[in-house]
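Here is the structure we will look at, set down as structure tokens.
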Amino acid sequence: MKIILTGTTGKLGSRVLAHIQALLRDTTHSLIISVYNPDKGPELADGTAYEIRRGNFSDPPTLDSAFKGGDILLLISYPSIANELRVKNHKNAIDAAIRVGVKHIFYTSLAFAGPPSSSSSSAAVMQAHLSTEAYLRSTLAKTDIKYTVIREGLYTESWPLYLGFVDPKAGEREALVPESGGRGIAWAKRDELGEATARLIVDAANAPSGSGFAYADKTILLTGPRALSLEDTARIISKHLTHPFVVRTVSVEEFTKVGGKMYEKLGEEWAGMWATTYTAIAQGETEVVDETLEKILGRKPESVEITLETEFA
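Here the sequence shown is numbered in the UniProt record's numbering, starting from 1 and rising by one per residue.
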């Protein structure tokens with residue numbers, strides 16, 4: 001089978017690519033790498049059967065050309081804070097996959113909204129994902145194409161996004177964030193999410209005639225082994241510093257002003273939208289612990305403590 005990968009130069013996609021190359025050794029499967037600029041495409045290991053094609057999410061005809069002949073598509077979510085643009089580009093990719101006869105679409109969503117059965121979230125960052133998930137289900141229901149929505153866990157390595165955009169390594173001692181109610185985040189190591197995603201795709205490719213794949217037409221949640229509050233996460237980080245690092249709760253208004261200054265290009269409007277993330281955390285959306293990641297990996301996922309110890313070493 002031919003497996004189409006998008007987003008391979010990104011943080012998650014690059015890890016999927018690294019793992020899928022190893023998994024495809026000694027198989028007859030091959031890769032199609034769809035990238036915006038083929039001249040800046042990823043480097044692949046010797047012995048990997050692949051071709052690099054130009055695919056621009058905003059230019060549907062290029063997606064038809066990039067996806068043509070492919071059997072399985074990994075649609076890595078488009079990197080943008082503009083929800084309407086994200087959804088439009090995701091729809092372009094899904095529609096192109098349908099036109100050229102792709103048999104199975106994997107979509108990388110995000111681990112907000114609580115359990116996989118939930119279809120609502122208070123987090124602004126989740127809205128484009130939910131819209132894409134709904135479009136995928138409703139559109140593919142009219143076809144024989146299978147789908148798998150992977151709600152990827154919040155990366156342990158992305159903790160600065162959730163801890164006030166600060167850098168404690170540079171001496172900063174406080175993370176100013178809105179109220180999160182002491183609720184947890186089931187952090188997951190990015191490389192393990194990439195590995196699990198790669199394993200899912202290869203399992204689907206190996207399934208006879210597309211049947212027998214356990215996660216066909218399902219939404220799954222990949223999380224770490226336990227949920228930690230922002231306060232607990234800060235305490236773990238503090239162990240690797242020479243000074244204390246704590247979480248201080250502030251009003252949404254103060255957070256919006258502080259965040260707007262720290263991210264001047266995005267401004268207060270974006271910071272205000274990001275504040276909804278903490279509402280979602282406070283409602284327990286991110287503290288659901290699911291064993292699916294462990295099942296796919298065949299081992300316990302790495303703990304937050306180990307991942308952060310490596311980062312701060």
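Here a beta-carbon is modelled for each residue, glycine too, at the ideal position from N, C-alpha and C.
Residue j beta carbon less than 8 Å from that of residue i
i	j	result
Arg151	Ala186	no
Lys2	Asp71	yes
Val166	Glu157	no
Arg54	Pro38	yes
Val35	Phe67	no
Lys146	Ala216	yes
Pro208	Tyr278	no
Thr242	Val289	no
Met126	Phe106	no
Ser122	Glu285	yes
Thr62	Asn56	yes
Ile237	Glu305	no
Leu12	Leu193	yes
Leu44	Gln21	yes
Pro301	Phe245	no
Val202	Leu23	yes
His90	Leu73	no
Leu308	His240	yes
Arg17	Thr27	Checking the sequence, you will find Leu at residue 17 rather than Arg. No, the Cβ-Cβ distance between Leu17 and Thr27 is not below 8 Å.
Glu294	His19	no
Ala124	Gly153	no
Gly212	Ala282	no
Trp270	Ile52	no
Ser77	His129	yes
Integer-rounded CB distance, given that residue j should sit under 8 Å from residue i
i	j	result
Ile33	Pro42	7 Å
Gly184	Ser229	5 Å
Ile220	Thr148	7 Å
Lys64	Val100	Sequence inspection shows Asp at residue 64; the Lys mentioned does not correspond to that position. Yes, Asp64 and Val100 are in contact; Cβ-Cβ is about 6 Å, under 8 Å.
Trp109	Glu133	According to the sequence shown, residue 109 is Ser rather than Trp. So it is a contact: roughly 6 Å between Cβ atoms.
Tyr155	Arg190	4 Å
Glu268	Val247	No, Glu268 and Val247 are not in contact; Cβ-Cβ is about 21 Å, not under 8 Å.
Beta-ladder partner(s) of residue i, from DSSP
i	result
residue 323	The requested residue 323 is not part of the displayed model; the chain covers only 1 to 313.
Arg248	Leu176
Glu152	Leu110 and Leu222
Tyr135	Answer is none; Tyr135 lacks a bridge partner.
His104	Ile72 and Lys146
Lys2	Ser30
Ile185	Leu228
Evaluate the contact criterion for the stretch 83 to 95 versus the stretch 132 to 141: three or more CB pairs, one atom per stretch, below 8 Å. yes
Scan the stretch 255 to 311 and note each continuous alpha helix (DSSP H) run of 4 residues or more that stays entirely inside, going in chain order. 267 to 274, 276 to 282 and 292 to 297
Using a Cβ distance threshold of 8 Å, determine whether the stretch 188 to 208 contacts the stretch 245 to 261, with at least three qualifying pairs required. no
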